[in-house]
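These protein sequence lines are chains A and F, in that order. One rule links them: number in the numbering used here = place in the first sequence (from 1) + 3. One rule links them: number in the numbering used here = place in the second sequence (from 1) + 187. Beta carbons: idealized from backbone N, C-alpha and C, even for Gly. Every value quoted in this text rests on a predicted model; they were computed, and no experiment measured them. Worksheet for the structure shown next.
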Amino acid sequence: DAKTTQPTSMDCAEGRAANLPCNHSTISGNEYVYWYRQIHSQGPQYIIHGLKNNETNEMASLIITEDRKSSTLILPHATLRDTAVYYCIVRVGNTGNQFYFGTGTSLTVIP
Amino acid sequence: GAVVSQHPSRVICKSGTSVKIECRSLDFQATTMFWYRQFPKKSLMLMATSNEGSKATYEQGVEKDKFLINHASLTLSTLTVTSAHPEDSSFYICSARDLRDGTNYGYTFGSGTRLTVV
């Protein structure tokens with residue numbers, strides 16, 4: 004079962020920063036937080052992941068709270084192509100391999 | 188970067204027939220691949236974990252005789268939907284992990300297969 008909760012949907016104005024929250028209050032000390040996104044009728048695309056430090060790459064920034072019970076994905080300058088469903092995933096499973104997807108946040112970037 | 192290819196991208200089959208979906212890791216080897224299904228406007232649901240050279244591990248509630256998984260090589264896993272029925276119509280997605288990356292990055296997803304059973 005998914006161990007994360009996210010808002011069902013969000014809107015963001017084009018060019019503005021999109022901040023997508025995720026709660027993972029039961030995360031274990033060795034579990035990573037991953038973010039993927041899925042554009043309609045495509046496979047999920049990796050965005051970023053982190054353990055406890057904030058992370059940044061060419062796509063986004065990931066801010067993880069000190070207690071690791073929540074995180075925020077930041078798309079610094081949202082474009083129309085960023086409209087997608089964003090999934091926050093905590094890696095679970097005895098083998099540590101499986102990804103269980105939650106409901107995700109449907110982000111709509113508005114012109 | 189790592190690429191996972193799925194084939195076919197779309198398939199229509201008659202009720203009662205079987206259909207095979209292929210998942211290939213194009214530039215890396217994957218001892219483990221994962222199969223998901225996704226209904227319209229729903230999230231991805233993990234169906235099974237495909238292990239190279241051994242039996243797949245199915246999630247609770249997924250019929251192993253209905254969804255046959257074969258992982259005969261380090262670059263290919265197949266999902267066969269047997270005796271398909273209209274309720275099996277769904278979007279099937281595979282993923283694989285590139286073990287060359289020593290971190291926890293490397294889960295790459297295929298582009299999905301849209302199965303329609305008529």
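With contact counted as at least three CB pairs below 8 Å, one residue from each stretch, are the segment 263-270 of chain F and the segment 199-209 of chain F in contact?
Yes: at least three Cβ pairs fall under 8 Å.
Which residues does DSSP pair with Thr219 (chain F) in a beta bridge?
Answer is F:Asn238.
Sorted by chain position, which residues of the same chain lie with C-beta nearer than 8 Å to Asn97 (chain A)'s C-beta, five sequence neighbours on each side aside?
Below a pLDDT of 50, predicted positions are generally treated as unreliable, and Asn97 (chain A), at 41, falls in that range; the measurement from the model is reported next regardless. Cβ neighbours of Asn97 (chain A) beyond the five flanking positions: none.
For Leu233 (chain F), which option in F:Gly240, F:Met220, F:Ser276 has the closest C-alpha, if you only look at C-alpha atoms?
Closest option to Leu233 (chain F), Cα to Cα, is F:Met220.
Does DSSP put Glu209 (chain F) in a helix, in a strand, or in coil?
Here DSSP, grouped into helix, strand and coil, assigns Glu209 (chain F) to strand.
Any C-beta of chain F sitting closer than 8 Å to the C-beta of Pro47 (chain A)?
So, interface residue.
Cβ separation of Phe296 (chain F) and Ser276 (chain F), assumed to be a contact under 8 Å, to the nearest whole Å:
Taking 8 Å as the upper bound for CB-CB distance, Phe296 (chain F) and Ser276 (chain F) are not in contact here, some 20 Å apart.
Taking its Cβ as the centre, do 16 or more other Cβ atoms sit within 10 Å of Leu65 (chain A), making it buried, or is it exposed?
In summary, Leu65 (chain A) is buried, with 16 or more beta-carbon neighbours lying within 10 Å of its beta-carbon over all protein chains present.
Do you know whose CA, among A:Ala20, A:Pro24, A:Thr86, lies nearest Gln9 (chain A)'s CA?
Selected option, being the one with the closest Cα: A:Pro24.
Heavy atom of the ligand ADP less than 7 Å from the Cβ of Ala63 (chain A), yes or no?
Within the structure as shown, the ligand ADP is missing, as the structure has no ligands at all.
Round the Cβ separation of Leu110 (chain A) and Ala87 (chain A) to the nearest angstrom and send it over; I've been treating them as touching at under 8 Å.
Indeed they touch by this definition, with Cβ atoms about 6 Å apart.
Quick one: which chain F residues come within Cβ less than 7 Å of Gln9 (chain A)?
Chain F residues near Gln9 (chain A): none, gap ~10 Å exceeds 7 Å.
Using 10 angstroms around the beta-carbon of Ala63 (chain A), count the other beta-carbons present and answer buried if the total reaches 16, otherwise exposed.
With a 10 Å radius around the Cβ and a threshold of 16 neighbouring Cβ atoms, Ala63 (chain A) comes out buried.
Going by other Cβ atoms of all chains shown within 10 Å of its Cβ, with 16 needed for buried, is Arg19 (chain A) buried or exposed?
Residue environment: Arg19 (chain A) is assigned as exposed (fewer than 16 neighbouring CB atoms within 10 Å of its CB, all protein chains considered).
Taking only beta-carbon atoms, is Thr219 (chain F) less than 8 Å away from chain B?
Absence of chain B from the displayed structure is noted, the protein chains being A and F.
DSSP three-state call for Arg40 (chain A): helix, strand or coil?
If DSSP states are grouped into helix, strand and coil, Arg40 (chain A) belongs with the strands.
Note down, in chain order, each residue of its chain lying with its Cβ closer than 6 Å to the Cβ of Ile51 (chain A), except the 5 sequence neighbours on either side.
Trp38, Glu58, Asn60, Ala63, Leu65, listed in sequence order.
For the segment 203-234 of chain F, which residues have a CB atom closer than 8 Å to at least one CB atom of chain A, in sequence order?
Listed in sequence order: Thr219, Phe221, Tyr223, Ser230, Leu231, Met232, Leu233.
Give a yes or no on whether 8 Å exceeds the smallest Cβ distance from Ile199 (chain F) to chain A.
No - not a single Cβ of chain A is within 8 Å of the one on Ile199 (chain F).
Residues in its own chain within less than 8 Å of Pro273 (chain F) by CB, not counting five upstream and five downstream?
Answer for Pro273 (chain F): Ser202, Val304, Val305, listed in chain order.
Measuring straight from C-alpha to C-alpha, what distance separates Ile113 (chain A) and Arg84 (chain A)?
Ile113 (chain A) and Arg84 (chain A) have their C-alpha atoms some 10 Å from each other.
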